[in-house]
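Numbering (my numbering), first residue to last: 195 to 354.
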């Protein structure tokens with residue numbers, strides 16, 4: 195399942211979903227956290243991104259592990275580069291999952307309108323904490339998304 199799609203290595207296909215969905219989740223989370231006027235427009239896209247970005251990241255990570263088992267990638271120098279790339283991917287997955295959880299909590303805890311009601315009742319301090327955590331996790335997720343993609347691209351385009 196994670197090795198090939200229609201005979202093509204799955205990893206180059208799956209990474210594109212993660213590369214698109216992780217930044218969209220981070221952007222939507224930051225907007226929802228800091229710009230109250232945007233909330234009624236981006237609540238449901240935020241929920242969709244929070245549910246799909248971790249899945250896309252998981253598929254990209256697992257397909258990469260299957261891809262790295264290829265006999266062509268067994269040289270010690272290549273294994274070291276792959277290990278670094280996998281470390282970034284593991285960190286990315288962890289932070290995207292955390293961001294997704296915070297985004298879902300935020301989507302249902304912070305009301306979409308100033309006088310609106312939230313589905314999760316919480317004090318104002320919890321709203322600020324969730325918003326701040328969402329911004330921090332968005333920045334960290336974007337950092338690891340960049341580092342993971344950059345290390346993979348260097349392996350591909352620099353001839354390993």
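Glycine included, every Cβ here is placed at the ideal spot set by N, Cα and C. Predicted, not measured: the structure shown is a model, and the values here were computed from it.
- When secondary structure is reduced to three states using DSSP, residue 314 falls in the coil class, being assigned neither helix nor strand.
- Remark: C-beta atoms of residue 301 and residue 237 approach each other more closely than 7 Å.
- Counted as a single uninterrupted DSSP element, the stretch harbouring residue 197 is not any alpha helix (DSSP H), since DSSP gives it neither H nor E.
- For residue 203, the secondary structure class from DSSP, reduced to helix, strand or coil, is strand.
- In the three-state reduction of the DSSP assignment, residue 345 falls in the helix class, which pools H, G and I.
- In this structure, residue 329 places its C-beta atom within 7 Å of the C-beta atom of residue 227.
- Taking 7 Å as the cut-off, the beta carbon of residue 279 is found closer than this to the beta carbon of residue 346.
- In summary, residue 317 is exposed, with fewer than 16 beta-carbon neighbours lying within 10 Å of its beta-carbon over all protein chains present.
- Contact check for residue 248 against residue 283 fails: the beta carbons are separated by 7 Å or more.
- Taking the Cβ atoms as the reference, residue 243 lies roughly 5 Å from residue 222, within the contact range of under 8 Å.
- Residues 303, 304 of the same chain have their beta carbon placed closer than 7 Å to that of residue 321, with the five preceding and five following residues left out of the count.
- Per the coordinates, the alpha-carbon of residue 323 lies some 27 Å from the alpha-carbon of residue 214.
- At a Cβ-Cβ threshold of 7 Å, residue 224 and residue 335 do not count as neighbours.
- Apart from the 5 residues on each side of it in sequence, residue 298 sits with its Cβ closer than 7 Å to the Cβ of 241, 244 in its chain, given in chain order.
- In the three-state DSSP reduction, residue 306 falls in the coil class, being neither helix nor strand.
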